[in-house]
Amino acid sequence: MEDKKIVDLYWERDENAIKETSLKYGRLCAYIAGNILSSREDSEECINDTYLAVWNAIPKKRPDKFSVFISRITRNLALKKYEYLSAAKRNPAAVTSLDELADCVSGTDDVESEIDAKYIQRAIGNFLWQQTDEKRNVFIRRYWYFDSVENICTYTGFSQTKVKSMLYGMRQKLRKYLESEGIEV
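Note that the numbering used here gives residue 1005 to position 54 of the sequence shown, counting from 1, and the numbers run on in steps of one.
Structure follows, in structure tokens:
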């Protein structure tokens, strides 16, 4: 079913919207949640929470790109779940991905950082659009989907050395780009 029709089902408050969303995007949501959370049960819970969040969000918003909309919700819910669970156990792949980016974008809990978040998000998006498709895809797979370097190598056909080098170079460029945009790193 086309995304527009699925969104229309949500607007009509038709419960088939969830079924159609699951059929079309269930695997994508499972992939995202699975890369962040270390257990299948936590991932399934996150996916169910995603469907509820989409159900509650759609009447207020009509997403332009439904796949991005549901991916973002899944990712955010999985990260919240991960944060909750991280006191007891850790997913080393997600921790490593976040640690790698810590030098470029540090998180703080003050009000200023909340205000700047949108600006930083826009700056990172602009930076990524200036990169080649190849580099952008590797970066997104690592830092958005939390793919391991090994999975990225399988997906792209690149060696681990190339992927690690590409990610390192992009982190350095991102740091310089953010500084040039007046964002303190």
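Yeah, the Cβ is synthetic: ideal placement off N, Cα and C, and Gly gets one too.
Buried versus exposed, by CB contacts within 10 Å (16 or more), residue i
i, result
"Ser-1022", "buried"
"Leu-1003", "exposed"
"Asp-1084", "exposed"
"Val-1019", "exposed"
"Tyr-990", "Checking the sequence, you will find Ser at residue 990 rather than Tyr. Burial call: exposed."
"Leu-974", "exposed"
"Thr-1112", "exposed"
"Thr-1105", "exposed"
"Asp-965", "exposed"
When the options are compared against residue i, the one with the closest alpha-carbon
i, options, result
"Arg-1026", "Arg-1092, Gln-1082, Leu-974", "Arg-1092"
"Glu-996", "Lys-1031, Glu-1101, Lys-1086, Thr-1107", "Lys-1031"
"Glu-953", "Glu-963, Arg-964, Ala-968", "Ala-968"
"Gln-1082", "Tyr-1033, Leu-1125, Arg-1013", "Leu-1125"
"Pro-1014", "Lys-955, Tyr-1035, Asp-1000", "Lys-955"
"Asp-993", "Met-1117, Glu-1101, Ser-1116, Tyr-1035", "Tyr-1035"
"Ser-1131", "Asn-1007, Val-1114, Ile-1071, Arg-964", "Ile-1071"
"Leu-979", "Trp-962, Trp-1006, Ile-1024", "Ile-1024"
"Lys-1115", "Val-1136, Lys-1086, Lys-1127", "Lys-1086"
"Trp-962", "Lys-1127, Lys-1011, Glu-1101, Glu-971", "Lys-1011"
Per-residue DSSP class, three states only, for residue i
i, result
"Val-958", "helix"
"Leu-988", "coil"
"Met-1117", "helix"
"Trp-1095", "coil"
"Gly-1108", "coil"
"Ile-1021", "helix"
"Glu-971", "helix"
"Glu-1130", "helix"
"Glu-963", "coil"
"Arg-1087", "helix"
"Ile-1103", "helix"
"Lys-1031", "helix"
"Cys-1136", "It is Val, not Cys, that sits at residue 1136 in the sequence shown. If DSSP states are grouped into helix, strand and coil, Val-1136 belongs with coil."
"Gln-1081", "coil"
"Lys-1012", "coil"
"Glu-995", "helix"
Test: residue i CB closer than 8 Å to a CB of chain B
i, result
"Ile-998", "No chain B appears in this structure, which consists of one protein chain only."
Residue i vs residue j beta-carbon contact at 8 Å
i, j, result
"Gly-977", "Ile-1009", "no"
"Phe-1017", "Val-958", "yes"
"Ala-1068", "Ile-1134", "no"
"Ile-1103", "Tyr-1033", "no"
"Leu-1028", "Asp-1000", "yes"
Pairing CB atoms from the region 1093-1104 with CB atoms from the region 973-989, are three or more of them under 8 Å?
Short answer: they touch.
Given 8 Å, three or more beta-carbon pairs between the region 1065-1083 and the region 1110-1126
Touching, yes.
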